[in-house]
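Number of protein chains: 2
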Amino acid sequence: MNRAQVVPEILGEYGAICRRAVRRYLSIRGDRGAEYLGDALRDYPERGGRSLRSSLCIAVARAFGASIDDALDSAVALEMMHNSFLIHDDVEDDSEVRRGRPTLHVLHGVPIAINVGDALTVLSLRPFLRNRSTLGARLSLRILEEAEQMARETVEGQAIELGWRRANTIDLGDDDYLRMVLKKTCWYTTIFPTRVGALIGSRDGVDLEPFLRFGFFVGAAFQIQDDLLNLIGDRAQYGKEIGGDLWEGKRTLMIIHLLNQANDDEVTRLSLFLATPRADKRSSDATWVRDLMDSYGSVAYCQQVAHGLAGAATLEFERGFAGLPESRDLSFVRELPAWVISRA
Amino acid sequence: MNRAQVVPEILGEYGAICRRAVRRYLSIRGDRGAEYLGDALRDYPERGGRSLRSSLCIAVARAFGASIDDALDSAVALEMMHNSFLIHDDVEDDSEVRRGRPTLHVLHGVPIAINVGDALTVLSLRPFLRNRSTLGARLSLRILEEAEQMARETVEGQAIELGWRRANTIDLGDDDYLRMVLKKTCWYTTIFPTRVGALIGSRDGVDLEPFLRFGFFVGAAFQIQDDLLNLIGDRAQYGKEIGGDLWEGKRTLMIIHLLNQANDDEVTRLSLFLATPRADKRSSDATWVRDLMDSYGSVAYCQQVAHGLAGAATLEFERGFAGLPESRDLSFVRELPAWVISRA
Numbered sequence: 000m001n002r003a004q005v006v007p008e009i010l011g012e013y014g015a016i017c018r019r020a021v022r023r024y025l026s027i028r029g030d031r032g033a034e035y036l037g038d039a040l041r042d043y044p045e046r047g048g049r050s051l052r053s054s055l056c057i058a059v060a061r062a063f064g065a066s067i068d069d070a071l072d073s074a075v076a077l078e079m080m081h082n083s084f085l086i087h088d089d090v091e092d093d094s095e096v097r098r099g100r101p102t103l104h105v106l107h108g109v110p111i112a113i114n115v116g117d118a119l120t121v122l123s124l125r126p127f128l129r130n131r132s133t134l135g136a137r138l139s140l141r142i143l144e145e146a147e148q149m150a151r152e153t154v155e156g157q158a159i160e161l162g163w164r165r166a167n168t169i170d171l172g173d174d175d176y177l178r179m180v181l182k183k184t185c186w187y188t189t190i191f192p193t194r195v196g197a198l199i200g201s202r203d204g205v206d207l208e209p210f211l212r213f214g215f216f217v218g219a220a221f222q223i224q225d226d227l228l229n230l231i232g233d234r235a236q237y238g239k240e241i242g243g244d245l246w247e248g249k250r251t252l253m254i255i256h257l258l259n260q261a262n263d264d265e266v267t268r269l270s271l272f273l274a275t276p277r278a279d280k281r282s283s284d285a286t287w288v289r290d291l292m293d294s295y296g297s298v299a300y301c302q303q304v305a306h307g308l309a310g311a312a313t314l315e316f317e318r319g320f321a322g323l324p325e326s327r328d329l330s331f332v333r334e335l336p337a338w339v340i341s342r343a
Numbered sequence: 000m001n002r003a004q005v006v007p008e009i010l011g012e013y014g015a016i017c018r019r020a021v022r023r024y025l026s027i028r029g030d031r032g033a034e035y036l037g038d039a040l041r042d043y044p045e046r047g048g049r050s051l052r053s054s055l056c057i058a059v060a061r062a063f064g065a066s067i068d069d070a071l072d073s074a075v076a077l078e079m080m081h082n083s084f085l086i087h088d089d090v091e092d093d094s095e096v097r098r099g100r101p102t103l104h105v106l107h108g109v110p111i112a113i114n115v116g117d118a119l120t121v122l123s124l125r126p127f128l129r130n131r132s133t134l135g136a137r138l139s140l141r142i143l144e145e146a147e148q149m150a151r152e153t154v155e156g157q158a159i160e161l162g163w164r165r166a167n168t169i170d171l172g173d174d175d176y177l178r179m180v181l182k183k184t185c186w187y188t189t190i191f192p193t194r195v196g197a198l199i200g201s202r203d204g205v206d207l208e209p210f211l212r213f214g215f216f217v218g219a220a221f222q223i224q225d226d227l228l229n230l231i232g233d234r235a236q237y238g239k240e241i242g243g244d245l246w247e248g249k250r251t252l253m254i255i256h257l258l259n260q261a262n263d264d265e266v267t268r269l270s271l272f273l274a275t276p277r278a279d280k281r282s283s284d285a286t287w288v289r290d291l292m293d294s295y296g297s298v299a300y301c302q303q304v305a306h307g308l309a310g311a312a313t314l315e316f317e318r319g320f321a322g323l324p325e326s327r328d329l330s331f332v333r334e335l336p337a338w339v340i341s342r343a
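If you read the sequences in order, they're chains W and B. Using numbering that gives the first Met the number 0, read the first sequence as starting at 0 and increasing by one per residue. Using numbering that gives the first Met the number 0, read the second sequence as starting at 0 and increasing by one per residue.
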């Protein structure tokens with residue numbers, strides 16, 4: 000068997016378990032308020048993503064000796080927060096397509112989309128609080144502290160990215176990008192799931208420091224691959240508009256590479272393109288940017304950076320997970336860095 | 000001394016303490032992410048509201064024998080959530096003025112305003128978690144459970160109101176309005192502060208049931224008075240646009256009363272007015288609605304309902320707070336219903 004095969008397999012298994020659990024939480028029959036939230040609340044979770052975050056949390060917990068049930072409430076809470084972030088991100092970026100369908104604000108308008116995102120954040124507190132019955136008061140509060148830090152890092156990362164776009168910042172380097180991605184993507188995608196999985200599996204018995212680096216490296220590789228897929232991926236598989244980041248003026252690693260490689264005239268035109276509101280951007284300009292990236296090797300450069308980060312993650316894996324008995328869950332975590340940069 | 004004077008006095012005292020504490024939480028020097036959030040995060044809290052919610056929480060806790068410090072973290076967390084709700088509400092309603100200044104999305108754009116609202120919700124978790132050091136793990140988790148329910152009720156109430164506007168629902172009665180307001184306003188404005196104050200003051204030693212009704216009655220009276228002030232208040236004191244609710248098509252109790260009193264032709268025209276987007280509404284139509292309210296006595300009717308609710312709150316006060324020693328804080332709570340309907 001192909002070693003890397005364990006990643007999609009576990010994502011399929013744990014993802015299905017989490018989706019069922021999320022559905023249970025979001026289908027609690029309330030009164031008329033819940034009815035008004037209803038379908039919009041379940042829409043994004045039901046579209047079915049990869050469940051990377053929740054699966055990683057469960058796999059790490061199991062690798063450390065816990066059961067799926069020990070980690071399920073935390074995984075479900077994370078999945079709800081993830082969907083909340085997606086809804087608000089889509090409004091903030093004015094994205095049109097998510098997981099192959101129109102975004103929530105395109106379907107229901109901005110006000111309802113904002114409120115549904117808020118609702119998913121709020122509802123994620125419920126499974127976090129349910130941890131108390133399985134893990135006890137102390138460990139539950141410990142996990143909530145991690146959740147608070149994670150959510151704070153996420154909104155700070157989002158603030159950086161929105162700030163860059165608002166000010167049309169172009170004086171950026173790889174380090175700026177990686178700091179933004181550490182906050183915006185890595186904390187909730189990989190750092191939090193790994194740390195909380197380890198907390199649950201070890202019953203608060205291991206140093207969490209190595210998981211910060213492991214999560215950062217694998218999460219950053221994941222985000223760069225995501226940026227690449229947005230540019231060169233297959234629309235049907237990717238589920239979002241191809242080239243959407245360009246139209247939204249996002250500071251991807253490719254754009255930052257290009258801004259640092261291009262000549263002055265090109266930078267001026269790039270800056271103007273990035274500052275132009277989406278609706279006023281011209282297709283010919285987007286094509287020009289895309290071609291310029293090819294001529295400066297921006298895509299190839301970012302693929303290399305992603306590979307480097309995945310390699311660093313594999314080294315960190317050996318530190319954080321040393322001494323654990325071999326298991327399918329441990330293999331999943333070991334193979335994750337290679338998978339994130341090979342996924343299409 | 001005028002008995003009712005205790006309300007503005009305590010609001011002034013506890014409000015100042017809470018604002019200082021909120022500022023401390025929001026000024027924690029972080030790295031570049033926090034810097035990008037920075038001023039926008041502190042903007043609404045610094046504009047200074049009445050601090051009704053946080054003051055009520057502290058006053059009830061003290062009336063039950065706790066110290067200000069015992070309740071301060073919960074009060075601060077609530078104040079942050081309140082400001083988060085305000086920011087998102089203003090985006091959702093496309094309101095232009097808040098506390099006498101342009102709303103946050105008018106100043107910074109919708110994307111940043113959404114994210115700053117998210118940040119305030121997230122940051123409110125921090126003081127809630129800090130409760131652990133003063134109140135212990137069990138009571139802290141109990142308060143978080145109350146916070147989860149409160150936030151859930153709030154987003155459900157918001158969902159009802161947005162749903163009515165989206166569908167241009169006009170077939171509504173007083174009971175629909177009160178159910179919406181119970182969720183949207185009362186839970187976070189009065190029910191949660193009273194229940195959590197009692198939880199803290201009694202160290203989880205009293206039945207919270209009476210506070211649900213007390214909070215509902217006084218909170219509903221508060222909201223109706225707020226609707227009235229939006230229509231007939233003094234702009235400088237009120238801090239929002241006078242008549243803004245009309246332009247936003249909000250289902251206030253006056254509008255619902257009018258819809259139930261008006262003749263068929265008038266209802267048709269009202270329905271059309273409510274359905275018209277804000278930017279397309281005509282000033283002459285708004286004046287017509289306003290005059291129609293006068294001719295059907297909608298304002299006077301709502302003032303009566305608010306008075307009735309305030310009276311009911313005073314009766315419930317006697318149940319929930321019976322047997323407590325007389326104190327300034329207890330007077331504050333007793334006088335609160337009369338104050339909410341007399342404030343300008």
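For every residue, glycine included, the Cβ atom is placed at its ideal position computed from N, Cα and C.
Report back the beta-carbon spacing between phenylalanine 316 of chain B and valine 6 of chain B to the nearest angstrom; my notes put them in contact at under 8 Å. Between valine 6 of chain B and phenylalanine 316 of chain B the Cβ distance is about 13 Å, and since that is not below 8 Å, they are no contact.
What's the C-alpha gap between proline 44 of chain W and arginine 22 of chain W? Distance between the alpha carbons of proline 44 of chain W and arginine 22 of chain W is about 8 Å.
Between W/Ser94, W/Gly162, W/Ser201, W/Gln157, which has its C-alpha nearest alanine 58 of chain W's C-alpha? Residue W/Ser201 holds the alpha-carbon nearest to the alpha-carbon of alanine 58 of chain W among W/Ser94, W/Gly162, W/Ser201, W/Gln157.
Count Cβ pairs between the segment 147-166 of chain W and the segment 182-189 of chain W that sit closer than 8 Å; are there 3 or more? Note that the segment 147-166 of chain W touches the segment 182-189 of chain W; at least 3 beta-carbon pairs, one per stretch, sit closer than 8 Å.
Are there 16 or more other CB atoms within 10 angstroms of the CB of asparagine 262 of chain W, so buried, or fewer, so exposed? It counts as exposed.
Cβ of glutamate 147 of chain B within 8 Å of Cβ of leucine 124 of chain W? When the beta-carbon positions are compared, glutamate 147 of chain B and leucine 124 of chain W come within less than 8 Å of each other.
For glutamine 222 of chain W, go through chain B and note every residue whose CB falls closer than 9 Å to its CB, in chain order. Neighbours of glutamine 222 of chain W in chain B, taken as residues whose beta carbon is under 9 Å from its own, are absent, since the nearest beta carbon is some 16 Å off.
Could you check whether leucine 55 of chain B and threonine 189 of chain B sit closer than 8 Å to each other, using their CB atoms as the reference points? The Cβ-Cβ distance between threonine 189 of chain B and leucine 55 of chain B falls below 8 Å.
Output the distance between the C-alpha atoms of serine 50 of chain W and leucine 77 of chain W, rounded to the nearest integer angstrom. Rounded to the nearest whole angstrom, the C-alpha separation of serine 50 of chain W and leucine 77 of chain W is 10 Å.
Does proline 101 of chain W come out as helix, strand or coil in the three-state DSSP assignment? Strand.
Quick one: which residues of the segment 112-125 of chain W get their C-beta closer than 7 Å to a C-beta of chain B? List them in chain order. Flagged, chain order: Ile113, Asn114, Asp117, Ala118, Thr120, Val121, Leu122, Leu124, Arg125.
Got a sec: is the Cβ-Cβ distance from arginine 137 of chain W to anything in chain B below 8 Å? Closer than 8 Å to some Cβ of chain B, the Cβ of arginine 137 of chain W qualifies, so yes.
Thinking C-alpha only, which one of B/Glu145, B/Arg41, B/Glu91 is nearest serine 73 of chain B? Between serine 73 of chain B and the set B/Glu145, B/Arg41, B/Glu91, the nearest pair of CA atoms involves B/Glu145.
Can you give me, in chain order, the residues of the segment 82-93 of chain W that have a beta carbon less than 7 Å from any beta carbon in chain B? Residues of the segment 82-93 of chain W with a C-beta less than 7 Å from any C-beta of chain B: His87, Val90, Glu91, listed in chain order.
Chain-ordered neighbours of glutamate 12 of chain W on chain B, where CB pairs are closer than 8 Å: The premise fails here: glutamate 12 of chain W is roughly 29 Å from chain B at the closest Cβ pair, so nothing lies under 8 Å.
Starting from glutamate 265 of chain W, find everything on chain B with Cβ-Cβ shorter than 8 Å and list it in chain order. What glutamate 265 of chain W touches in chain B: nothing, since even the nearest Cβ is about 27 Å away.
Can you check whether the CB of leucine 252 of chain W is closer than 8 Å to the CB of valine 304 of chain W? Contact: yes.
If you drop the 5 nearest sequence neighbours on each side, which residues of the same chain put their C-beta closer than 6 Å to that of threonine 313 of chain B? Answer for threonine 313 of chain B: Pro336, listed in chain order.
Could you check where the alpha helix (DSSP H) with leucine 230 of chain B kicks off and where it finishes? Boundaries of the alpha helix (DSSP H) around leucine 230 of chain B: 208-231.
Do the CB positions of arginine 19 of chain W and leucine 140 of chain B come within less than 8 Å of each other? Taking 8 Å as the Cβ cut-off, arginine 19 of chain W and leucine 140 of chain B do not qualify as a contacting pair.
List, in chain order, every chain W residue whose beta-carbon is nearer than 7 Å to that of valine 304 of chain B. Near valine 304 of chain B there are no residues of chain W at all, since even the closest Cβ is about 20 Å away, more than 7 Å.
Going along chain B in order, which residues have a C-beta closer than 7 Å to the C-beta of proline 110 of chain W? Near proline 110 of chain W (Cβ distances below 7 Å), the residues of chain B are Glu91, Leu161.
With a CB to CB cut of under 7 Å and the five nearest residues on each side skipped, what residues in its chain are close to aspartate 42 of chain B? Only Leu103 meet the Cβ criterion.
Here's a check: name, in chain order, each residue in its chain whose Cβ is nearer than 6 Å to the Cβ of glycine 116 of chain B, leaving out the five neighbours to either side. The beta carbon of glycine 116 of chain B sits closer than 6 Å to those of Ser83, Ile86, His87, all from its chain and outside the five residues before and after it, given in chain order.
Cβ neighbour criterion (16 or more within 10 Å) applied to proline 276 of chain W: Only exposed fits proline 276 of chain W, as fewer than 16 other CB atoms lie within 10 angstroms of its CB.
Can you pull the chain B neighbours of arginine 165 of chain W, defined as C-beta to C-beta under 9 Å? In chain order: His107, Gly108, Pro110, Ile111.
Cβ neighbour criterion (16 or more within 10 Å) applied to aspartate 89 of chain B: Under the 10 Å beta carbon count, aspartate 89 of chain B is surrounded by 16 or more other beta carbons and is classified as buried.
List the residues of chain B whose Cβ lies closer than 8 Å to the Cβ of leucine 128 of chain W, in chain order. Result: Leu140, Leu143, Glu144, Glu147.
Any residues in the segment 323-335 of chain W with a beta carbon nearer than 9 Å to a beta carbon of chain B? Which ones, in chain order? Within the segment 323-335 of chain W, no residue qualifies.
Hey, leucine 122 of chain W and tyrosine 24 of chain W: beta-carbon distance below 8 Å or not? Here leucine 122 of chain W is near tyrosine 24 of chain W, since their CB atoms are less than 8 Å apart.
I'd like the ranges of any beta strand (DSSP E) spanning at least 3 consecutive residues and lying wholly in the segment 62-96 of chain W. Runs of the beta strand (DSSP E) inside the segment 62-96 of chain W: none found.
Cβ-Cβ distance between aspartate 69 of chain W and leucine 134 of chain W below 8 Å: Result yes, Cβ atoms of aspartate 69 of chain W and leucine 134 of chain W sit closer than 8 Å.
Through-space distance from aspartate 328 of chain W to isoleucine 9 of chain W, alpha-carbon basis: Those two C-alpha atoms are separated by around 8 Å.
Contact set between the segment 201-219 of chain W and chain B, restricted to residues whose Cβ is under 7 Å from the partner: Residues of the segment 201-219 of chain W with a Cβ closer than 7 Å to any Cβ of chain B: none.
Could you check if arginine 137 of chain B is buried or exposed, using at least 16 other CB atoms within 10 Å of its CB as the buried criterion? Exposed, by the Cβ-count rule.
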